[in-house]
Structure formats: structure tokens, C-alpha cells
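85 is the number that the numbering used here gives to position 85 of the sequence shown; each next residue is one higher, with no gaps.
Here the structure comes first, spelled out in C-alpha cells, and everything after it is commentary.
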Amino acid sequence: MLFAFPLIPLRQRQRFDSHRKEQERRPRVNDQIRVPEVMLVDEEGVTEVLPTAAALERARSRELDLIEVSPKAQPPVVKIGEFGHYLYQLQKKEKKQRSHSKQVEVKMLRFGFRTEKHDLDRLADRAREFLAERHLVKFNVRLRGRELANKEYAVQKLRSVLAGLKDDAEVEQDITRQGTQFIAIVRPKR
1 MLFAFPLIPL RQRQRFDSHR KEQERRPRVN DQIRVPEVML VDEEGVTEVL PTAAALERAR
61 SRELDLIEVS PKAQPPVVKI GEFGHYLYQL QKKEKKQRSH SKQVEVKMLR FGFRTEKHDL
121 DRLADRAREF LAERHLVKFN VRLRGRELAN KEYAVQKLRS VLAGLKDDAE VEQDITRQGT
181 QFIAIVRPKR
């Protein structure tokens with residue numbers, strides 16, 4: 001006999017593990033709270049330290065749940081309320097935080113050595129749109145072949161684009177050379 005325990009298929013194990021992780025993230029409720037005493041916070045904000053059994057009895061007398069709000073405090077902080085409503089409020093709060101913590105992206109705009117004035121103006125307009133959305137904008141001028149002999153012209157062209165954006169943007173990274181290209185990064189003005 002090779003194994004003394006039943007083998008659980010991988011998919012079921014993963015489902016079980018994810019369920020366990022979800023349970024760990026949830027606050028403890030009622031009989032899951034196993035500390036000798038807790039700090040109970042009322043709806044008015046009045047706090048009192050009492051045994052867990054007494055706090056649980058108060059919650060049951062109101063036909064509500066005893067919810068552990070802050071498990072790491074000494075003693076742990078609990079409150080009386082509906083557990084489903086509490087979970088809903090937590091999810092709402094997390095969703096609001098996620099929506100406010102938008103990642104700043106770096107948008108790249110490329111142009112070549114021989115790009116004409118009108119195309120550069122259109123590129124600058126596009127950069128203004130990105131800056132209005134609070135993104136960083138990275139300008140990239142690529143040089144090829146014989147264009148490498150006239151690097152100053154490419155730098156001058158990039159400087160003229162940056163000068164056109166000086167009302168809307170601040171230079172975060174000045175013009176630097178990376179191999180066969182010149183790069184500059186601007187951010188929106190505060």
C-alpha cells in the first residue's frame with residue numbers, strides 16, 4: 001500500500017485552498033472569537049472591556065452578530081452588528097480604494113528625424129491629452145543610418161516639442177541618449 005490517505009484531484013485542492021484563504025481574510029464572528037476578553041465598541045462609540053462570553057450574550061440578545069473588527073489590538077476590538085452588512089461595507093470600501101489608486105502609466109510617443117512640423121503639433125496635442133489624464137509622457141526620437149551624424153538636429157527637434165508643452169508639463173527626465181535614440185519624459189504640471 002503506497003498511500004494511507006485519499007488523493008484529492010488538483011482542481012478540488014485548489015478550490016479548497018482558495019476557500020481557506022478567503023476564510024482567513026474574513027473577520028472572525030461569534031464563536032470563532034476565542035480570546036478571554038474583548039473591547040466592545042457600541043454604535044455611539046462607547047468602549048468597554050468585557051469577557052468574550054458576555055459580549056457574545058449581548059449580541060445574541062439583540063439577535064445580531066459579534067464581529068471582530070481589529071484582531072491585532074490588545075484586547076481585540078469587536079462590535080455588534082449584522083455580519084453580511086459588515087462584509088458588504090468592507091467590500092464597498094476596498095472597491096473605492098482600488099478606484100482611487102489608479103496606476104500612473106508612461107505613454108510613449110515616437111517620432112523620427114525627418115518628422116515635419118504639422119506631425120509634431122499633432123503629437124504634442126496627443127501628449128496634452130495624456131497629460132490631462134495625469135499620465136507621464138515619454139518622447140522618443142529614433143535615428144537611423146546617416147541620421148546619426150546629425151544628432152544635434154534631433155535634440156533640437158525634441159527640445160522644440162518640449163518647449164511647446166511647457167505650459168502643460170514639467171520635464172521629469174531631461175533629454176538623454178540611449179543607443180541610437182534620444183529620450184525625454186514629461187509629467188503633468190501640479
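Just so you know, even glycine gets a beta-carbon here, dropped at the ideal spot from N, CA and C.
Alpha carbon to alpha carbon, how far is residue j from residue i? Give it in angstroms, no decimals.
i, j, result
"ASP125", "GLY145", "29 Å"
"LEU162", "THR180", "20 Å"
"GLU116", "LYS138", "19 Å"
"MET39", "VAL49", "4 Å"
"LEU64", "GLN89", "16 Å"
"GLN97", "HIS85", "19 Å"
"GLU44", "GLU133", "42 Å"
"VAL41", "SER99", "30 Å"
"THR47", "ALA59", "15 Å"
Run through the DSSP bridge pairs and tell me what residue i is partnered with.
i, result
"PHE83", "Looking at the DSSP assignment, PHE83 forms no beta bridge with any residue, so it has no partner."
"PRO76", "None, per the DSSP bridge assignment."
"ILE185", "LYS138, GLN173"
"GLN178", "GLN181"
If contacts are defined as beta-carbon pairs under 8 Å, then residue i and residue j qualify, I think. What distance do you get, rounded to the angstrom?
i, j, result
"VAL142", "GLY112", "It is Arg, not Val, that sits at residue 142 in the sequence shown. Right, the Cβ-Cβ distance comes to about 6 Å (below 8 Å), so this counts as a contact."
"VAL186", "GLU172", "6 Å"
"GLU129", "PRO75", "With a Cβ gap of about 54 Å, GLU129 and PRO75 do not count as contacting."
Contact the segment 101-113 vs the segment 73-84: 3+ CB pairs below 8 Å:
no
For the segment 90-115, which segments carrying the beta strand (DSSP E) assignment without a break, of at least 3 residues, lie completely within its bounds, in sequence order?
106-112
Let me know the alpha helix (DSSP H) ranges lying completely inside the segment 26-61, each 4 residues or longer, listed in chain order.
52-61
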